[in-house]
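Residue numbers (our numbering): 786 to 1169.
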DNA sequence: TACACGTGGAT
DNA sequence: TATCCAAGTGT
């Protein structure tokens, strides 16, 4: 028996009793598949760089609304984005919508399970293609994600930082070998990820519960947590955002849509001015009046929002909008290329695709029903 | 290749 | 509190 066969066997034996009961693991109504391929694809895309606890409620809601590729393909992209609100990395929702269109057009509405066909779908890279092919159809397709890389690096005490290309290439080769040796590739793949997520964790791994402890070279060296070495991270750049929450007499609020692409691309927000430099009160007031605010517009508060690459210092101003005709004149005069704007009720606002920072803006301004999702909770930062 | 892309849990 | 980083992909 080869080392790979032994590892695969241990993983496959461990998984059934250790697997968390996640909703996408429970079913299948298609007896030809290990698991529903569409539900698996949706789960894998949501899980890209996103923790399981955040994905569970989102996956349940998304699958209730879009149970098949056809259901998503019939919807507008904006509905997919709205269903993604709060999950982050919104490009994933656009790409999944595009993938649904392709599945309908090129695969008769049936999610492919062949790795090559999967890989050709928008938003499906090498990892996701391998995961869906193996988990939904049992194909011997390799996968490497953060968990797999960590488990393999420790198992072989392989040096190198997490993002280092030679280490990643080595991990793919190891995964290929492992999955080729597995009797149930999908189970083996899910097991190694589950092991990384629940036992072989980045800090304080629970080696006493690990089925691979006996063959783990990093453990034998006495310091499994040193593998892989941490990867260097880019510094965050500061961004200043002035958000203006305007209400009309009937309680509707003014929203605008961000340009596609870039940060929060295509999502809705309060009228917002972004700047690399701080915006003083006089500048804020002048801009707010130009965007249609009445004379009573005033600062309501602020907060700091962190993303991977930015520290965004939000200041929120609010007040009443001026009357309709003057408002339109003011907008077009202010900026002929101004983004599309709409006045929406608080109920409509809740259905609009919007990032969590802008939900927070409306919440701070006292606009009810801004967040249809369970309470988001970046720490309540101090004023910028 | 290196970088941009969101959000929140874990420590 | 600050930092890490989580079932990656596209450009």
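Heads up, the beta-carbon is just placed ideally off N, CA and C, and yes, glycines get one too.
Non-local C-beta neighbours of residue 874 in its own chain, meaning closer than 8 Å and more than five positions away in sequence, comprise 833, 834, 835, ordered along the chain. By DSSP's assignment, residue 854 forms no beta bridge with any residue. In the structure shown, residue 930 adopts coil according to DSSP, grouped into three states. Excluding sequence positions up to five before and after residue 934, its CB lies within less than 6 Å of the CB of 956, all in the same chain and listed in chain order.
Around the beta carbon of residue 1139, a 10 Å sphere encloses 16 or more other beta carbons of the protein chains shown; the residue is thus reported as buried. One thing to note: residue 1043 has its Cβ no nearer than 8 Å to the Cβ of residue 1031. A Cβ-Cβ distance of about 4 Å is found for the pair residue 948 and residue 1016, placing them in contact under the 8 Å criterion.
Counted as a single uninterrupted DSSP element, the alpha helix (DSSP H) harbouring residue 915 occupies residues 911-922.
By the criterion of a C-beta distance shorter than 6 Å, residue 914 is surrounded in its chain by 900, 903, 904, once the five residues flanking it on both sides are discounted. Within the model, the alpha-carbon separation for residue 820 versus residue 925 is close to 15 Å.
Separation of the CB atoms of residue 792 and residue 1000 is rounded to 7 Å, and the pair is thereby assigned contact status at 8 Å. Here residue 806 is actually not in contact with residue 845; their C-beta atoms are around 13 Å apart, not less than 8 Å. The Cβ atoms of residue 896 and residue 822 lie closer than 8 Å to each other. For residue 825, the enclosing alpha helix (DSSP H) begins and ends at 822-831. Per the Cβ contact rule, the stretch 1099-1107 is not in contact with the stretch 1005-1015 (fewer than 3 Cβ pairs under 8 Å). The shortest C-alpha to C-alpha distance from residue 953 to any of 989, 975, 930, 969 is the one to 930. In the DSSP assignment, residue 1084 falls within the beta strand (DSSP E) that extends over 1083-1091. In the three-state reduction of the DSSP assignment, residue 960 falls in the helix class, which pools H, G and I.
Cα atoms of residue 994 and residue 1028: separation of roughly 50 Å, rounded to the nearest angstrom. Residue 1047 sits exposed, since fewer than 16 C-beta atoms from the chains shown fall within 10 Å of its C-beta. The three-state secondary structure of residue 1065, taken from DSSP, is coil. Beta-bridge pairing by DSSP links residue 1104 to 1031. Sequence-distant Cβ neighbours of residue 1060 in its own chain, meaning closer than 6 Å and more than five residues away, are 1025.
In the three-state reduction of the DSSP assignment, residue 819 falls in the coil class.
Residue 1059 has 1026 as its beta-bridge partners, per DSSP. Residue 830 and residue 877 have their C-alpha atoms roughly 7 Å apart. Cβ neighbours of residue 851 within its own chain (closer than 6 Å, five residues either side excluded): 857. Here the alpha carbons of residue 794 and residue 968 stand approximately 8 Å from one another. In the DSSP assignment, residue 973 falls within the unbroken alpha helix (DSSP H) covering 970-983. For the options 863, 827, 872, the alpha carbon positioned closest to that of residue 884 is the one of 827.
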